[in-house]
Amino acid sequence: MERKTTLFEYVYGDLVREITGGALRPGDTLPSMGELGKRYRVGARTVRDVLKALKDDGYIATEERRRATVAFRSSDDDVERAARSLLARRDELLACYRTLELVMPPLYAFAARHCRADELAALGRALERADVENRSGDWRLSRSSLVLHELLDKAGNPLFSECYAGLERASAVPALPGFADPYVRATEESDNLLGWMFASLSGDDPAEVQRRFGLLYRGTAEYVERYLDELDAAYPGTEGGGRGFSWNARTGRSYVHAQMARDLVERIAVGEFPDGSLLPSIASLAQSYGASASTVQKALGVLNAMGVASTSNGRGTQVRTSDARFDPRALADGSFRRDLQVFADALQMFCIVLPAALGTVADRIDGVAGDAERALGREAGPWAVPKALMEGFLGNVPLDPLRDVLGELNSLLLWGYFLVFFGPSGASAPVLEALGEQGLEALRSRDAVGFARAMDGYYRLMLAAVRTFLEAAGMPGTERLAEPAPDATALARVSAQRSNSSNGKGSAKT
Numbered sequence: 005m006e007r008k009t010t011l012f013e014y015v016y017g018d019l020v021r022e023i024t025g026g027a028l029r030p031g032d033t034l035p036s037m038g039e040l041g042k043r044y045r046v047g048a049r050t051v052r053d054v055l056k057a058l059k060d061d062g063y064i065a066t067e068e069r070r071r072a073t074v075a076f077r078s079s080d081d082d083v084e085r086a087a088r089s090l091l092a093r094r095d096e097l098l099a100c101y102r103t104l105e106l107v108m109p110p111l112y113a114f115a116a117r118h119c120r121a122d123e124l125a126a127l128g129r130a131l132e133r134a135d136v137e138n139r140s141g142d143w144r145l146s147r148s149s150l151v152l153h154e155l156l157d158k159a160g161n162p163l164f165s166e167c168y169a170g171l172e173r174a175s176a177v178p179a180l181p182g183f184a185d186p187y188v189r190a191t192e193e194s195d196n197l198l199g200w201m202f203a204s205l206s207g208d209d210p211a212e213v214q215r216r217f218g219l220l221y222r223g224t225a226e227y228v229e230r231y232l233d234e235l236d237a238a239y240p241g242t243e244g245g246g247r248g249f250s251w252n253a254r255t256g257r258s259y260v261h262a263q264m265a266r267d268l269v270e271r272i273a274v275g276e277f278p279d280g281s282l283l284p285s286i287a288s289l290a291q292s293y294g295a296s297a298s299t300v301q302k303a304l305g306v307l308n309a310m311g312v313a314s315t316s317n318g319r320g321t322q323v324r325t326s327d328a329r330f331d332p333r334a335l336a337d338g339s340f341r342r343d344l345q346v347f348a349d350a351l352q353m354f355c356i357v358l359p360a361a362l363g364t365v366a367d368r369i370d371g372v373a374g375d376a377e378r379a380l381g382r383e384a385g386p387w388a389v390p391k392a393l394m395e396g397f398l399g400n401v402p403l404d405p406l407r408d409v410l411g412e413l414n415s416l417l418l419w420g421y422f423l424v425f426f427g428p429s430g431a432s433a434p435v436l437e438a439l440g441e442q443g444l445e446a447l448r449s450r451d452a453v454g455f456a457r458a459m460d461g462y463y464r465l466m467l468a469a470v471r472t473f474l475e476a477a478g479m480p481g482t483e484r485l486a487e488p489a490p491d492a493t494a495l496a497r498v499s500a501q502r503s504n505s506s507n508g509k510g511s512a513k514t
């Protein structure tokens, strides 16, 4: 089991990095407790504990009834250290902006579908009034950012806003002393770009949403790139390879027994524990997973609820995949219900961002095919083909932040495979298997468009099947698990990208 980072450690560490890196400078005012809570998706108690620790450690100063201010002061050596830290992350910084350009427009468009006309109009007016403060770091905490977070919240899927916040933080650069602030330049020359962008959400044209918001992220990236060029001229010779983006979609959501249950389900699916066989004893599982006996019992309880196993006193736990039956009473278990909700949220977000992400591997189809074939040689069971296709796809996504986002979402999709292949929604299994085979055949014939269509269709069908199952089981909140509208524009870009690659115009570099 991987060690969980507590929410306190996550928030504290992120704010310390921003203060010591110069994104928050001496005298700068921190966001309010409410804004910090919304930004990090944590409660007031966690925020209070973090602010107290920052004060105790000398990073901030606080006064009664006033916001905390940054007290940490950097030296000239700190400025050079911060500059070289940014330069080491140059490639990733620019990749974050490209990831924002690909991921956020379809999420904005999807969230807008969940707004009433008056709600969307109110958000648009708020964005037009947004006065982005012309100092480094405020770009990601500005009113415009908060409005966009509010828009994303309308969809009811917390992963949207969390992913956005992570990309914002990773792409922000501090304005170091002696250098022009790139965000001031971008703001001065934006010419009411925010209102113009937001207006596209009132229509039904995802291509226009992509075009307008894409201009924002590409334009900001250009200013940041010039700024990095200036830093490089002042501090030459910095090696690259630094990383700053990190998004753990499981933070605050991981339950050890649920992780164990997911792992056991996967081991059953690949045939390690065949139908009718007995699982290892509670003591043996506790030792192999480094968990307590009570945690193992909870995990086995999940398997019983899912219908994949049956526990009998004195006889152990027997695998029962041939007649798996989900017991709706399992939803009474709060942690299991939350685990299913996180899975459903991840699947929905994956479906929304997948079409745009598929375009990034169109000119890497040979690599995707080769990696998928190698993975297929290692996999077994009903999930072998989709898992191999996913491994080939993820391994060739050229943008590290985008690959991290997709990988995090994929890590939460295990329940979907189970519910479709073993559970009550198994009627969809033959169609999904056919789509998987179509995707594999497309890879073998180096058909990037066919591969993209098969992958898109596969996960959209999985979302529909899982939503139907959860509704029938009485899962609350399924009404917000809407399918995204088909993104023909994004799939068309796959064709265009592949065509350019075939003509010698494509590039595998970022």
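Adding 4 to a residue's 1-based position in the sequence shown gives its number in this note's numbering. Ideal Cβ placement from N, Cα and C applies to all residues, glycine included. Note that this is a predicted model, so its numbers are computed, not measured.
Ends of the beta strand (DSSP E) at residue i?
i: S518; result: Only positions 5 to 514 of the chain appear in the structure, and residue 518 is not among them; the question remains open.
So, helix, strand or coil for residue i, using DSSP?
i: T191; result: helix
i: L111; result: helix
i: A65; result: strand
i: L417; result: coil
i: S316; result: strand
i: L4; result: A question about residue 4 goes unanswered here, because the residues of the chain that appear run from 5 up to 514.
i: V46; result: coil
i: T103; result: helix
i: T325; result: helix
i: T472; result: helix
i: T482; result: helix
i: V74; result: strand
i: L19; result: helix
i: T33; result: strand
i: F277; result: coil
i: S250; result: coil
Does the Cβ-Cβ distance between residue i and residue j come in under 8 Å?
i: G381; j: V274; result: no
i: L423; j: V470; result: yes
i: Y231; j: F164; result: no
i: K158; j: A115; result: yes
i: I272; j: V312; result: yes
i: L344; j: M201; result: no
i: L406; j: T364; result: yes
i: R55; j: A72; result: In the sequence under discussion, the amino acid at residue 55 is Leu, which differs from the Arg named in the question. Yes; because the gap between Cβ atoms is below 8 Å, this pair is in contact.
i: L58; j: A253; result: no
i: L351; j: G320; result: no
i: V269; j: L307; result: yes
i: T66; j: V409; result: no
i: A392; j: A373; result: no
i: P171; j: E154; result: According to the sequence shown, residue 171 is Leu rather than Pro. Cβ distance not < 8 Å, so L171 and E154 don't count as in contact.
i: V389; j: E441; result: yes
Once you ignore the five residues that flank residue i on each side, which residues in its own chain have a CB closer than 7 Å to its CB?
i: H105; result: A quick correction: the sequence has Glu, not His, at residue 105. Excluding residues within five positions, the ones whose Cβ falls inside 7 Å are G218, Y221 and R222.
i: P278; result: V323
i: D491; result: P110, P210 and P359
i: E181; result: The residue asked about is misnamed: residue 181 is Pro in this sequence, not Glu. Once the five neighbours on either side are set aside, the close Cβ partners of P181 are V83.
i: A468; result: E487
i: L436; result: V424, Y462, L465 and M466
i: V498; result: L362, G363, A366, A452, V453 and A456
i: R45; result: P162 and E166
Kindly indicate the opening and closing residues of the alpha helix (DSSP H) around residue i.
i: A348; result: G338 to L362
i: P390; result: A388 to L398
i: N308; result: A297 to M310
i: Y231; result: P210 to A238
i: D267; result: V260 to A273
i: D122; result: A121 to R133
i: S175; result: P162 to S175
i: A373; result: I369 to R382
Say yes only if the C-beta of residue i is nearer than 7 Å to one or more non-hydrogen atoms of the ligand NAP, and no if none qualify.
i: Q214; result: The model depicted lacks the ligand NAP and carries no ligand whatsoever.
Who are the near neighbours of residue i in its chain, counting only those whose CB is closer than 6 Å to its CB and skipping five residues on each side?
i: L40; result: V51
i: L198; result: L131 and S148
i: A309; result: D331 and A334
i: F455; result: G443, A446 and L447
i: D135; result: Annotation note: pLDDT 46 at D135 (below 50); position unreliable, coordinate value reported separately. Taken in chain order, the list of residues that qualify is empty.
i: R139; result: The predicted position of R139 is uncertain, since its pLDDT is 38 and thus under 50; no value can be drawn from it.
i: D261; result: A small correction: the amino acid at residue 261 is His; Asp does not occupy that position in the sequence shown. Cβ neighbours of H261 beyond the five flanking positions: T299, K302 and A303.
i: D142; result: Residue confidence is low: D142 scores 44 on pLDDT, short of 50, so the model does not pin down where it sits. Its coordinate-derived value is still stated next. For D142, where only same-chain residues beyond five positions count, there are no Cβ hits under 6 Å.
i: L289; result: V300
Quick one: what's got a C-beta closer than 8 Å to residue i's C-beta in the same chain, skipping five residues either side?
i: E13; result: none
i: R228; result: Going by the sequence as given, residue 228 is Val instead of Arg. Excluding positions up to five away in sequence, the list reads L97, L98, Y101, S175, V177 and P186.
i: L235; result: A87, L90, L91, L180 and F183
i: M37; result: A48, V51, R52 and L55
ask   = Which whole runs of the beta strand (DSSP E) in the region 438-468 are 3 residues long or more, in chain order?
value = Listed in chain order, the beta strand (DSSP E) runs fully inside the region 438-468 amount to none, counting runs of at least 3 residues.
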